[in-house]
Structure formats: C-alpha cells, structure tokens
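Protein chains in written order, with this note's numbering: chain A, 13 to 287; chain B, 1054 to 1486; chain C, 3 to 316. Quick reminder that beta carbons are idealized off the backbone N, C-alpha and C, glycines included. Note sheet for the following structure.
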Amino acid sequence: MNRKKRSNHIIIHIILIIGAIGMLLPLFWMLKTSLVSLAESTKIPPTFIPQEFMWSNYSDVINLLPFGKFYINTLLMILFRVLGSVFFSAMAAYAFARIKFPGRNLLFMIVLIQLMVPSQIFIIPQYMLASKLGWLNSIKALIMPGIVSAFGTFLMRQFFMNIPDELEEAAILDGCNRWQIFSKIMLPLTKSGMVSLAIFTALFAWKDLMWPLVVNMSIDKMPLSAGLASLQGQYSTNYPQLMAGSVIAILPMLIIFIVFQKQFIEGIATTGSKN
Amino acid sequence: MKRNFKKLIAIALSTAAMITVLSGCGSETTSDAPKKSDTSTKQPVTLTYAIWDKNQEPGMKAIADAFTQENPNIKVKVEVTPWNQYWTKLEAAATGGELPDVFWMHVNNFLKYQSNGLLMDITDRLKDSKDVDLNNFPEGLVDLYTADEKKYAIPKDYDTIALWYNKTLFDQANIPYPDDTWDWNKLLEVAQKLTDPSKGIYGFSAPQIDQEGYWNFIYQNGGYVISEDRKKSGYDQEATKEAIQFYADLSLKYKVSPTIQQFADTSSNQYFESGKTAMCLAGSWMISEFGANDYVKQNCDLTVIPHGKEKASIYNGLGNAVSAKTKHPEEAWKFLEFMGTKEANMIQGQKGAAIPAYKGCESAWIDFNKGFNVKAYSDMLEYGVIYQNSKTAPKWSESQKTYMTKILSGQVSVEDGCNQLAKEMNGFLDSEK
Amino acid sequence: MNTNISKNNISSIVTKEPKVTKKKLQDYGWAYLMIAPTIIGLIILNIWPIFYTLNLSFHQNGDFGSSGQFVGLANYKRLLSDPNVGSATLNTFKYTLVSVPICIILSLLIAVLLNTKIKGKTIYRTIYFLPVIAAPAAIAMVWKWLFNADFGLINYLLSLVGIHGPNWITSPDTALISLIIIGIWSGIGYNMVIFLAGLQDIPKTFYEAADIDGAGPFSKFFNITIPLISPTMFFVVMTSIISSLQVFDYIYMLWGTDTIGLEYTQSLVFLFYKNSFLMNDKGYGSAIAMFLLVIILIITVIQLKLQKKWVHYQ
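Shown next as structure tokens:
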C-alpha cells in the first residue's frame, strides 16, 4: 500500500512540476527584465541571464515613485472592498440561496447582469457619480466600485445552496430568526467560500488600473498598479524599471494569498465536523 | 466576542454605506479657489495642468515655478496621467464638468473637444496679448489648432521624422554615412548593400506606421494624404500610389525591410536597438529612449530624412489649451500666455522636454541632447509637412490601417488598396459637411 | 391543504389562502433587507450605466454626455450587416468553445492534485496562482516572445525536432490558437482557487466510507468528487463562459489595434472598445456591447435552467 502511494505521489509531483514551470515563466521574465539594462531588455534575440545585473533599476524606481503611498492606498482599497463585498455578498447570497421570496429569480438576474457587460462602460457613469459625491481624487473613490459584488454574491450563493437543509430546519425549530441562522450557523459553514471571495476581491482591486487613473488626479492617491502605469509613455516605456516596480508591487498580493491559503488548510480540520 | 465585534462592524459598514449612497447631495470638492473668478483681487488660485508624459514633468514643473515667481498668487499643479489613460480620463472629466484648467491637447482629439465647446476661444485674447505673437510658431502648428478661423490652443512643441542609422554596420561595410544629399535611389541602394539574410540583418525598416513611415514618402513624391481643404482623399492620386508602391516594395520586393508579419512580433524600434536593421525612421520623441539605450548611444546616429522629388518630413506638435468652463479663466489664460513666451520655451528646451515650438529656442534642446546629431530634427522644420487631420480622422485612420495592412502583406495590390481606401476616406470626409 | 397554525395567527385560519403567513412575511422582510445593500449598490453603480449605454446605442454622434442624434435602430441594423461584427462573433465563440472546457478540466485536475496529502502544497498553490498576479505587461512580453516566429522559444523547440514553426500571431491558422493558449494558461489560477474551496467543502466521511468499500482513486473521483463539486463547477462554468465571451485584454496587448492577424482574433468587446474609444463612435460601440449582452444573457438563462439537471446540492 505504501509503495503504491509513494509512486502515486511521485507521478503527481512530476505533473505539478511541469505545470509549475509554465506558470513561473512570466515571473521569471519579470525578474530578469527588472535586472537588465534598457538596451538588453529590447534586444532580439532575448537573453536569459542578465549580462549585467542592474540593481539600480530597483533603487531608481523607488526614488521615482512614492511606493509608500501606493502601498497604503492599495491596502485601504483592498481592505474596505473586501470587508464590504464579503459581508454584503454573503448576506445577499444567503437570502438568494435559502429564502424563497417573491422576485427572487428576477433580482438574481439583475445581480448577474453586471458580469455580462464590458467593464469599460462603467467608467464614465461612475466618474460622474464620484464627482457628484465630491469623492474625486480620494480613497473613497477607489473603494466605491468594489463595495458590493455581483461576482461575490453568485459565488457565495453556490456555497450556501450546498448546505444541507436539516441544519436550518433544526435552527428554525429552535426559534432562531433568519439573522441568527445566517450569522451563527450558515455563515461559518461557508468559510472557504468567503476566503476565496476575499482573495478575488483583493485581486480585482489590486489589478484595477483604469478606474484609479481616471478618478484620481495626484500620484499620491494612486494604488500600486495605477501608480506603476505612469512609467508607461506614449511611445516608449522603460521596461526594466516597470518590471522592477511590478516585482515590488506583487509582494502584498503574494502575502495576502499565502496568509489566506493557510486558512484553507485549517478549513480541512474543521469541515469534517459539519454534521 | 469575535461574533459581536463582527456584528458591530457589519452594522457600522451597512449604515455608513447606506448613508453615503443615499446622501447624494454634491458636497463641494475641496479646493482653495474662490467661488467666482476675480480679475482684480489677488486671491490665491491653484490651477490644474494636465499632461501625459512623466519624462516631461520636470520641464513642465520648472515652467510652472517660473510662472508662479512672476505671479505669486497663482500656483500651478502639474498632474500626470499616462498616455493610455489620459483621453479616457479627460473625457470623463469633460462629461462630468471637471476638466482641468489647462491641459495638453493632441491633434487627434482637438476637433472633438473644440466642436463640443470644451476649449476656451483664445482668438481675441491673443490679439490683445503683448507677450504672445503667433508668428513665432510654425504656421502649420498654429493652423492645426485653429478651427473656423478661431484659435483654441498655443503650440507647445514640435516633432519631426529623421533617418537613424547604425554606424557600426556602415563601418563594417565601408559605406559612408547618410547625409542630406540622399534620395530614394540612394536609400534603396545602400539598404540592399547592408541587408544580410544570413545574419538576419535588414538595411531599412518600413513598418505599417503613418507618421513615422509612409506619409513621409507620399509627400516626398508630391502626393498627399488629404487635400488642403480637407475635403478629398489623396490616395487615388498617382503620386501617392507611386510612393506607397515604393514603400511596400521595400519589404515585399527588394526585401530590405522586415515584413509586416515580422513587425507584429518585433517592433521597428526593437529591430534597430538590437542592431538588426541598419537604418530606420524615428520621430524626435525617441531621443529619450535611444539616449537611455547604451547600444544605440554607442553605435547609432541620425541625419535628415532622404528626399524624393521633394523634401518632406511629417511634423506634429502638442498644444496647450484652456478649458472653456474653467473657474479661473483669467489666471488660466495668464498661464497659457506665459507658456507661449520665449522664456517658457527656453526652459522647456533646457530641460530637454521636447523641441520647443517657439522659433529659435531649439538651440536649448539641441544642447541638452549632446550625444546625437539632433540638429537634424530642427533643420527639417522648414520643409515639414503638418500632421494630417480632419473631423472624421479617427474613422479614416482606421481605414488607413486596414488597407495598408492588406497592401503591406501582399493581400491586395497597391492600386486596388489605395483606390478602395480613397473611396472609404472620401465617404467619411463627405459626412463632415 | 396545509394550514400553518401559530399562536398569534388565528386570522390565518379564517383566510382562504393561508399561503402568506406572518412567518413568511418575516422571512421576506429579512430577505429584502439582506439583499438591499447589494441590489441598491449594483443598481447605482452598474445597472444605471447599462441603461446609459443602451440609450447611447440608439443615438449617433454623441460626445461628452450628450447622446447626439436619435437614430432608432440604425446602429443595430448596421451591426447585423457588418462583416467585422460577424467575424468578431465567430472568433469570440470559437475562443470560448475551446478554451473554457480545457481550462476547467486542467484547473480541476490541478485542484484535486493540490488537495491531496502531498508535500509542498502551499508552494505549488502559490506557484499556480502567480500568473494571476503577474504584471499584465510582463505576461504580454513573455507570450510575445514565446510566440515570436523568428526568435521565440516555441519555434526554437519545434526546430529541434525538425518542425518549422508557424507565424503564431499573424497567421490565419494559428492566431486564434495562440490566443486560446494564453487564455487557458491565465485562467487556471483563478479556477484552481475556486475548485479548492469547493473541494474543502466535501465532507471527509464520504471518502472514508468509499475507502472502506475498497474504491480506487478514479471511482472516488467520479462518484464522489464530481457530483459534490457540481455547485462549484456550475459557478466556474458560468463565470468562465461569461468572461471568455468578453475576451479583450490579451488581444489588445498582443495585437494592438493595427497588427496583422487582428482580424483572426478580434472579439466583440474589442470591436466595442475600438468603436467607442478609438473611432469616436460611441453609438455604434454601445450597440455592439448591448448585442453581446443579449448573447450572454441568453446563454446564461439556458445554463440556469439546465442546472437542475446536473447540479447536485446537498
């Protein structure tokens, strides 16, 4: 039995490693480009190992851009978007999944419709909204589009629908009201759903490029991705610097993922006791 | 404990969200500006100046500082939005009534903004101005920002197209460097000598680009892209078609240039920067990238563009414009006026930002870029052909791309492609009436 | 006929239709309250812009907030006879039909493998998630180089086995394939995370029971994993299809607006972007966006109806 398991594991590792190489390619490319000179970055055919390690790209880009502000803006943007979307989506998802109220299907379609149009159509109307609220050039404007989430509502609904009915019925018999059922019983059972939603919300916020650049004016109100975009010129871009900045910018996302990842693993230990 | 805390946050968040969403009433954007523009009182005013090039930020800031020195009550905040997002942002701002006070304008978008009444009409102010005389700027640029005989922007800079060459490759083949005597035949002759398929080296670079590419050849042959009155396309003219034929032959027939498929993988500039093309055309804006590239710095230089039957180099330039709805028209105008003076243009040149539009100030810019023969760029202004524009340019320039792609890939003959393009273009131009 | 008799609801016995009890009303009340923030938020932030866009699609020559002239269905008529729209629709469908199934299968496979008791799980998961957080500019550079006809890695590897690689990005036969490959590759990270979450939710007891019965890995996979992960699978299928039908970013990054080969890859969202933002024709662009919305809506409704057939909720 053990030998079979071992050889199974080896096969699994081989498959995973082959895939991993493909996944790592862009990161490797980012690192390599961040460490070469401008001349070497545009060279064809390209080089694999930098001919000369230009660590100065990192110091240059740090001096050029206010990374401290970028980090803070990004963190605030992510934090509030995650809090808002996870909480509001979980609430709405529970209702959609477990309460048969009139208009449920129609309202759920309204939620889904947001996913079916190109996001560029939101930019100008949302700008006008932010302008009316007096939120131009602020952190509030960064958070605004992400405070509720259609994606999150859909995702959480699937998790709520997957919980056995008996749990709820028992709670109803015990005299709990809907809010109590939701907060005390159902919500904790969708932990892995909430964690993935948190990761995705953080990710979409972190990647959002066009919106911050349109709604905010000063560079110190920019989050990471938008701040880095200022390195892109009309005709030419200093790619080594841009890549160095991008490597620095990945760190928060990487940390968030690794930290939340551990939640997954903890989840295994507690999920078994569902019944 | 954890649950109650979560609940608290939840309630707080939902209430906060509800309130902010429902409040809706426009709270004023914080600004230190007085409610109405005062022409006489010296209230402190902060103007916003929007640009899209971070490289030019130091130059623009220096001009802003010099202006504030002379006008202590007016401060200027320079805001950089990268090119890719600049126009979306400007449009959102215009739609929301929040345009910056002063901003860079590009010919491609000028007519759109002007025809919607978003740019301040500065005709009268210019007439009365003691500091700004439009005769100091290239006529073509002034015209570019004129509509219905009214002026809407002051030229800021100009750019032309020059011939760059790889000295090392020329030395290896023992060929003298290009100079101002070069014509099309010479260009082709040398390109053929320098093309070496075994090393993957091409003599020249002829990509599917208009301003930096085939437009130059069209005018050098006496053809035109769009008639002077902007009513007819020039693509069905023999002279234009001849030029396009020559340009297409460079990659298709003589094989001295990479093909359009190859350019899809690798850009013209990349080929040149890797020493894979001996010559290419490049605008003056490439100086900062070429200058930062060690290989180009050591191995390359530039000269004026070769001539055909005529001398021609496409030139373009940005303009500074004021928002028609700015809350500080007098102060904004003052700043615009300042930017049209020799002083401001000298600062621009000294900081190497771009070639100043003010005649005579290019010397400062030339001094800044000592590594290359950049004088070639300003020398070409006298026979420069202004960038082609019209109200429906966004539409016909897409048609141009489509047909030139077909022509350069050999899918369609020059004759057919150009005729069809002319037809489509005329359709758009007719709709402009 | 069922009647609910609760202590305070004697009147419900008298009414002819005891369907709506006080309890149910309470339920509805909670439901509306709980969906309110999301629905209100979405209406303000997203639904209104959709109507704004719809309005634009009935106009021409609009700029800066003014819609322009009303032209009724002219933009839609133009859309139906525009060869660009035809080819973009075809490209979009081809792309979706190929990339979605392959991506989902691969992501599920990876998620299952990363859910077993092997060493280095966290590291693998992070590695597979990396493409999702890498800078888009870096991703575009990498793929451009991989697919480069003259110097790229793929053609180099092919040349080692004597195959002369094609012009991946510009050739009519391979342009869309290149896009599909990038699409699959970039979607694995996302779907893997969601599948992992779904896999966590499967109670261990099922697997333990199967082990006792002597079931092998394949049997467990097909009889336990697949049915119990179907809610998650439904989500992944729906969202993958919806987002694939909106493919844009990589087309823009690799083919720009003027590279040869664009006609074989341009999607409906790309046409929308080109018309609305580059050609200054917001009316037509908006019509294209609405056209796409209708397509996606129909496909989504079909999927929602079909879910009863294959999605198994506990």
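- Query: When you compare only the Cα positions, how much space is there between F153 of chain C and E52 of chain A?
  - Reply: Working through the third sequence from its first residue, we reach residue 153 of chain C at position 151. Working through the first sequence from its first residue, we reach residue 52 of chain A at position 40. F153 of chain C and E52 of chain A: Cα-Cα distance of roughly 15 Å.
- What residues of chain A sit near T55 of chain C, judged by a beta carbon separation below 7 Å? Looking up residue 55 of chain C in the third sequence gives position 53. By Cβ distance, chain A contributes I133.
- Indicate the three-state DSSP secondary structure (helix, strand or coil) for L111 of chain C in the structure shown. Stepping through the third sequence from its first residue, residue 111 of chain C is reached at position 109. Three-state DSSP puts L111 of chain C in a helix.
- Task: List the residues of chain A that N1137 of chain B touches, going by C-beta distances under 8 Å, in chain order.
- Result: Position 84 of the second sequence, counted from the first residue, corresponds to residue 1137 of chain B. The answer, in chain order, is A241, Q244.
- Report the neighbours of T1148 of chain B on chain C: residues whose CB is nearer than 7 Å to its CB, in chain order. Indexing the second sequence from 1 puts residue 1148 of chain B at position 95. Under the 7 Å cutoff, chain C gives F66, G67.
- Task: Would you tell me roughly how many angstroms separate the C-alpha atoms of W312 of chain C and V238 of chain C, rounded to the nearest one?
- Result: Locating residue 312 of chain C in the third sequence gives position 310, counting from the first residue. Locating residue 238 of chain C in the third sequence gives position 236, counting from the first residue. When rounded, the distance between both Cα atoms is 14 Å.
- Counting only runs that start and end within the segment 1317 to 1360 of chain B, where is the alpha helix (DSSP H) found for 4 or more residues in a row? 1321 to 1326, 1340 to 1345, 1347 to 1352
- Item | Three-state class that DSSP yields for K1380 of chain B in the structure shown | On the second sequence, residue 1380 of chain B is found 327 positions in, with the first residue counted as 1. DSSP places K1380 of chain B in coil when its eight states are reduced to three.
- Item | C-alpha gap between G200 of chain C and L28 of chain A, whole angstroms | Start at 1 with the first residue of the third sequence, and residue 200 of chain C comes out as number 198. Start at 1 with the first residue of the first sequence, and residue 28 of chain A comes out as number 16. If you take the alpha carbons of G200 of chain C and L28 of chain A, they lie about 20 Å apart.
- Would you tell me roughly how many angstroms separate the C-alpha atoms of H25 of chain A and A113 of chain C, rounded to the nearest one? Taking the first residue of the first sequence as position 1, residue 25 of chain A is located at position 13. Taking the first residue of the third sequence as position 1, residue 113 of chain C is located at position 111. One C-alpha to the other measures close to 13 Å.
- Message: Distance cutoff 8 Å, beta carbons only. Does D29 of chain C sit that close to anything in chain A?
- Response: Locating residue 29 of chain C in the third sequence gives position 27, where the first residue counts as 1. So, interface residue.
- Query: Using a Cβ-Cβ distance under 8 Å, would T1141 of chain B count as near chain D?
  - Reply: Note that chain D does not occur in the displayed structure, where the protein chains are A, B and C.
- So is A139 of chain C in contact with chain B if we call contact Cβ pairs under 8 Å? Position 137 of the third sequence, counting from 1, holds the residue named residue 139 of chain C. So, not an interface residue.
- Would you mind sorting R93 of chain A into buried or exposed? The rule is 16 or more other CB atoms within 10 Å of its CB. Against the first sequence, residue 93 of chain A aligns to sequence position 81. Its Cβ being crowded by 16 or more others within 10 Å, R93 of chain A is buried.
- Message: Which residues does DSSP list as the beta-bridge partners of W1157 of chain B?
- Response: Counting from one through the second sequence, the residue named residue 1157 of chain B turns up at place 104. In DSSP, W1157 of chain B forms a bridge with B:N1373.
- Message: Below 8 Å, how does it come out for the segment 1274 to 1283 of chain B and the segment 1468 to 1477 of chain B: are there three or more Cβ pairs, yes or no?
- Response: no
- Please state whether DSSP places H21 of chain A in a helix, a strand or coil. Counting from 1 along the first sequence, the entry for residue 21 of chain A is found at position 9. If DSSP states are grouped into helix, strand and coil, H21 of chain A belongs with the helices.
- Task: Output yes if chain C places a C-beta closer than 8 Å to the C-beta of I27 of chain A; else output no.
- Result: Numbered from its first residue, the first sequence carries residue 27 of chain A at position 15. Output row for I27 of chain A: interface = yes.
- Beta-carbon separation (whole angstroms), I104 of chain C vs I186 of chain C, contact threshold 8 Å: Within the third sequence, the letter at position 102 stands for residue 104 of chain C. Within the third sequence, the letter at position 184 stands for residue 186 of chain C. Yes, they are in contact, since the Cβ atoms of I104 of chain C and I186 of chain C sit about 5 Å apart, within 8 Å.
- Task: Give the DSSP-derived three-state secondary structure of L47 of chain A in the structure shown.
- Result: One-based indexing of the first sequence puts residue 47 of chain A at position 35. Here L47 of chain A sits in coil by DSSP.
- Where are the beta strand (DSSP E) runs, 3 residues long or more, that stay fully inside the segment 1383 to 1463 of chain B, in chain order? 1437 to 1439
- Identity of the residues DSSP links to T166 of chain C by a beta bridge: In the third sequence, counting from the first residue as 1, residue 166 of chain C sits at position 164. For the record, residue 166 of chain C in the displayed sequence is His; it is not Thr. Paired residue(s): none; H166 of chain C is not in a bridge.
- Item | Anticipated Cβ contact below 8 Å, W1140 of chain B with I1104 of chain B, distance rounded | Walking along the second sequence from the start, residue 1140 of chain B turns up at place 87. Walking along the second sequence from the start, residue 1104 of chain B turns up at place 51. W1140 of chain B to I1104 of chain B, Cβ: 13 Å. No contact.
- Give the DSSP-derived three-state secondary structure of T118 of chain C in the structure shown. Sequence index remark: in the third sequence, residue 118 of chain C carries index 116 (1-based). Reduced to three states, the DSSP call for T118 of chain C is coil.
- Task: Determine the chain A residues that contact E1390 of chain B at a beta-carbon separation under 8 Å, and present them in chain order.
- Result: One-based indexing of the second sequence puts residue 1390 of chain B at position 337. None at all; the shortest Cβ gap to chain A is about 24 Å.
- Task: State yes or no: is the beta carbon of K1448 of chain B nearer than 8 Å to at least one beta carbon in chain C?
- Result: Residue numbering aside, residue 1448 of chain B sits at position 395 when the second sequence is read from its first letter. Answer yes: the Cβ-Cβ gap between K1448 of chain B and chain C drops below 8 Å somewhere.
- Message: I'd like the list of long-range same chain contacts for L201 of chain A, defined as Cβ closer than 6 Å, with 5 residues on each side in sequence excluded.
- Response: Translated into positions along the first sequence, residue 201 of chain A becomes position 189. Hits under 6 Å: I175.
- Distance between F269 of chain A and G146 of chain A (C-alpha atoms, nearest Å): The residue labelled residue 146 of chain A in the question sits at position 134 within the first sequence. The residue labelled residue 269 of chain A in the question sits at position 257 within the first sequence. Taking the straight line from one Cα to the other gives about 34 Å.
- Message: Using only the alpha-carbon positions, how far apart do M1339 of chain B and W1418 of chain B sit?
- Response: As a working mapping, residue 1339 of chain B is identified with position 286 in the second sequence. As a working mapping, residue 1418 of chain B is identified with position 365 in the second sequence. If you take the alpha carbons of M1339 of chain B and W1418 of chain B, they lie about 14 Å apart.
- Query: Enumerated in chain order, which unbroken segments of the alpha helix (DSSP H) with a length of 4 residues or greater are wholly contained in the segment 32 to 98 of chain C?
  - Reply: 50 to 59, 76 to 83
- Query: If V1155 of chain B sits next to L1100 of chain B, beta carbons under 8 Å apart, how far is it from one beta carbon to the other, in whole angstroms?
  - Reply: As a position in the second sequence, residue 1155 of chain B is number 102, starting the count at 1. As a position in the second sequence, residue 1100 of chain B is number 47, starting the count at 1. Rounded, the Cβ-Cβ distance is 6 Å, consistent with contact.
- In angstroms with no decimal places, state the Cα-to-Cα distance between S248 of chain A and G1480 of chain B. Residue mapping note: residue 248 of chain A aligns to position 236 of the first sequence, counting from 1. Residue mapping note: residue 1480 of chain B aligns to position 427 of the second sequence, counting from 1. Their backbone Cα atoms lie some 34 Å apart in a straight line.
- Message: According to DSSP, is Q192 of chain A part of a helix, a strand, or is it coil?
- Response: The count along the first sequence starts at 1 and reaches residue 192 of chain A at position 180. Q192 of chain A falls in the helix class under three-state DSSP.
- Task: With DSSP as the reference, label W1217 of chain B as helix, strand or coil.
- Result: Taking the second sequence and counting its residues from 1, one reaches residue 1217 of chain B at position 164. Strand.
- Message: Counting C-beta neighbours from all protein chains within 10 Å, is the total for R5 of chain A 16 or more, i.e. buried, or is it exposed?
- Response: Nothing in the structure corresponds to residue 5 of chain A, since chain A is present only between 13 and 287.
- Using the beta-carbon of each residue, which ones in chain A are nearer than 9 Å to N63 of chain C? Position 61 of the third sequence holds residue 63 of chain C. The premise fails here: N63 of chain C is roughly 17 Å from chain A at the closest Cβ pair, so nothing lies under 9 Å.
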